[in-house]
Amino acid sequence: MKVKLAKIDTLPPKEMLKENYVKKTDEYIVKIGEIQKRLYAEDKQALLIVLQGMDGSGKDGVIKNVFYKINPLGIEVQCFKKPTAEELGHDFLWRVHKVVPLKGMIKIFNRSHYEDILIQRVHKWIDEETVTKRMNHINNFEKLLEESGTKVLKFYLHVSKEVQLERLEERKTNIEKMWKHKDQDMVERASWDEYMKAYEDCFANCDKSAEWQIIPADKNWYKEYLIAKSICTTLEKWTLNGQFWKVQ
0 MKVKLAKIDT LPPKEMLKEN YVKKTDEYIV KIGEIQKRLY AEDKQALLIV
50 LQGMDGSGKD GVIKNVFYKI NPLGIEVQCF KKPTAEELGH DFLWRVHKVV
100 PLKGMIKIFN RSHYEDILIQ RVHKWIDEET VTKRMNHINN FEKLLEESGT
150 KVLKFYLHVS KEVQLERLEE RKTNIEKMWK HKDQDMVERA SWDEYMKAYE
200 DCFANCDKSA EWQIIPADKN WYKEYLIAKS ICTTLEKWTL NGQFWKVQ
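Residue numbers for the sequence shown follow numbering that gives the first Met the number 0, so the first one is 0 and each next one is one higher.
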């Protein structure tokens with residue numbers, strides 16, 4: 000999937016009315032919660048949701064606002080931070096494979112295995128040959144998950160550089176968001192162009208079995224609508240194919 004992120008809008012179409020889509024999002028969220036009960040009860044399939052994006056793109060907000068109707072027994076969130084000494088002592092996918100979802104579960108990766116070909120590439124901690132090899136390993140890893148009954152949905156939250164700055168600055172003054180503030184975010188922002196190129200290359204070399212969805216992220220309501228719709232549609236296909244009980 001070859002894309003140029005600078006040419007993709009980060010805002011919803013002007014003709015879209017927020018109130019209409021907020022209502023539709025709520026309907027999707029409720030339906031996701033209902034279908035997930037069947038997923039959990041049947042215990043044969045799993046859903047892995049990957050959220051990637053620049054700092055301030057709204058990954059935490061998506062987790063909070065899209066999945067709140069799901070029974071906590073059936074959903075887990077995994078954040079990927081700097082690898083530990085133990086994790087560095089193994090191959091780069093070791094820490095990822097051991098936390099993929101069990102059958103019947105929905106798992107959300109807040110950042111993911113793609114950090115190993117994004118931040119490491121931007122900072123030149125790995126060479127281009129290693130990037131290519133890791134991309135191939137990631138494609139094979141995701142195909143293995145798909146063939147084993149785990150559907151992989153990957154969302155890139157496409158925020159503009161201007162809105163990102165607004166959100167990062169807000170974390171310094173809004174007491175409810177100060178917990179998110181990290182000085183390192185501004186350091187990473189300085190490499191914006193390099194990150195965009197790394198993401199574009201990532202999209203271009205991703206296997207079709209689990210392609211990325213690029214989600215405009217400047218408006219939270221639109222971002223949440225698109226993600227909720229995609230997840231709901233995926234789960235509904237399973238019911239339509241008779242893979243688990245049909246929702247009444």
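Cβ coordinates follow ideal geometry from the N, Cα and C atoms, glycine included.
For the beta strand (DSSP E) that THR149 lies in, which residues bound it at each end? 149–157
Under the rule that 16 or more other beta-carbon atoms within 10 Å means buried, what is THR149, buried or exposed? buried
Selected residue, minimal CA-CA separation from VAL21, among THR233, LYS222 and LEU234: LYS222
Candidates LYS30, GLU85, ASN173 and ASP206: which alpha carbon is nearest LYS1's? ASP206
Is GLU18 close to chain D? Criterion is C-beta to C-beta, closer than 9 Å. Among the chains of the structure shown, chain D does not appear; only one protein chain is present.
What is the DSSP secondary structure of GLN248, counted as helix, strand or coil? Lying before the first or after the last residue shown, residue 248 is absent from the chain, which here runs from 0 to 247.
So, under 8 Å CB-CB, ILE226 and ILE214 are touching, yes? Tell me the CB distance rounded to an integer number of Å. 6 Å
Where GLU75 and VAL98 are concerned, what is the direct C-alpha to C-alpha distance, given to the nearest angstrom? 10 Å
Note down the Cα distance separating ASP42 from TRP237, rounded to an integer number of angstroms. 13 Å
Quick one: complete alpha helix (DSSP H) runs, 4+ long, within the region 60–87? 84–87
Enumerate in chain order the residues of its own chain whose CB-to-CB distance from MET53 is below 7 Å, with the five nearest sequence positions on each side excluded. VAL158, GLN163 and TYR194
Report all residues from its chain with a CB closer than 7 Å to the CB of GLU187; omit the five preceding and five following residues, and keep chain order. ASP54
Entirely enclosed beta strand (DSSP E) segments - the region 111–175, minimum 3 residues: 149–157
Taking the Cβ atom as the reference point for each residue, do LYS176 and GLU169 lie within a distance shorter than 9 Å? yes
For ASP182, the nearest candidate out of LYS171, HIS112, ASN135 and GLU161 (CA to CA): LYS171
What three-state label does DSSP hand ILE7 in the structure shown? coil
With DSSP run on the structure shown, which of helix, strand or coil describes LYS207? helix
With DSSP collapsed to three states, give me the class of LEU16. coil
Taking only three categories from DSSP, how would you classify VAL49? strand
Going by DSSP, what residue range makes up the alpha helix (DSSP H) through HIS180? First-last for HIS180: undefined, no H or E at that position.
Report yes or no: do three or more beta-carbon pairs, one from the region 23–34 and one from the region 61–73, lie closer than 8 Å? yes
In this structure, what does DSSP give as the bridge partners for ILE213? TYR155
Leaving out five residues before and five after GLN247 in sequence, what residues of the same chain have Cβ atoms less than 6 Å from its Cβ? Confidence is the limiting factor: at GLN247 the pLDDT is only 37, short of 50, which leaves the residue's position unreliable, though a coordinate-based value still follows. Once the five neighbours on either side are set aside, GLN247 has no close Cβ partner at all.
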